[in-house]
Every structure is written in C-alpha cells, then in structure tokens.
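Numbering (the working numbering), first residue to last: 6 to 150.
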C-alpha cells in the first residue's frame with residue numbers, strides 16, 4: 006500500500022531555502038529528525054489529468070512531508086496573507102478511484118485559517134491559541150483520507 010498526498014496552491018509552491026537545506030542533511034541526532042518536505046508538479050509525474058477536477062486552485066503538486074514539522078514551519082514562516090492551500094490524502098494510490106468517489110460522495114473538509122487561527126472540521130470550529138497554535142495543530146488531524 007502506498008499513500009499519496011496532493012497539494013493545490015493559489016500561487017506556485019516553492020520550497021524555501023532553509024527547508025531545502027534541511028532536506029539535504031545526511032546526519033541527524035534522533036530518528037525523529039529524519040524528515041523532509043518536497044513537491045513535484047502533478048503534470049510532471051503523470052497525475053495531472055487524474056486530480057485536476059478535485060481542486061479549486063490552479064497550482065497542483067504531489068507533496069511528501071505534509072504531515073511533518075517542515076510543513077508546519079512553512080505554514081508559520083512562509084504562508085502569506087491571502088495564500089490558500091488545499092490538501093488531499095489518498096491512503097492507497099492504487100485505489101485512487103475508490104477514494105476519489107468516497108471524497109465526492111462524502112467530503113469532510115478540514116479548514117485551517119492561519120489569519121484568524123481557527124481549525125474547523127465536521128465536528129465544529131475551534132479557536133487556536135495565538136501563542137502555541139502550531140503546537141496545537143501538530144496534535145490535530147489536518148490530513149485525513
């Protein structure tokens with residue numbers, strides 16, 4: 006089983022220099038530090054026509070590492086006011102059509118607004134603490150199937 010995650014963005018998604026530098030590290034103090042964040046355009050890797058109808062934003066990528074600290078660092082330091090991101094996670098890329106149907110039949114979006122620091126899922130809307138919103142987000146599901 007091989008999971009796959011897609012990201013759509015309101016503007017081109019560029020991995021910042023400090024994350025690129027971290028991605029190129031080869032020695033880590035702890036196993037938990039062995040993480041990375043990378044994106045590739047879906048048209049370049051063959052997923053383009055499969056996923057375009059699933060997003061409302063123009064720039065679509067396959068992303069690896071959206072569930073780790075580097076992605077949260079990107080949200081904290083590089084997301085600008087007005088930027089919008091959409092993420093879709095498929096637990097098994099070989100069952101893409103099944104998950105696509107499931108998504109279309111019963112969407113359960115998670116909306117995170119970093120401007121107002123709110124987290125919204127099917128159960129309600131929650132205010133995130135301005136001093137530790139990233140820590141709170143780290144303990145919430147922001148990527149689900």
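Just so it is clear, CB atoms sit at the ideal spot from N, CA and C, and this is done for glycine as well.
Check                                                                           : Outcome
Residue 53 - DSSP class collapsed to helix/strand/coil                          : helix
Identified DSSP bridge partners for residue 123                                 : 118 and 132
Coarse secondary structure for residue 90, derived from DSSP in three states    : strand
Cβ-Cβ separation, residue 47 to residue 67 (assumed contact under 8 Å), whole Å : 6 Å
Whole-Å CB distance - residue 16 paired with residue 79, under 8 Å assumed      : No, residue 16 and residue 79 are not in contact; Cβ-Cβ is about 13 Å, not under 8 Å.
Buried versus exposed, by CB contacts within 10 Å (16 or more), residue 124     : buried
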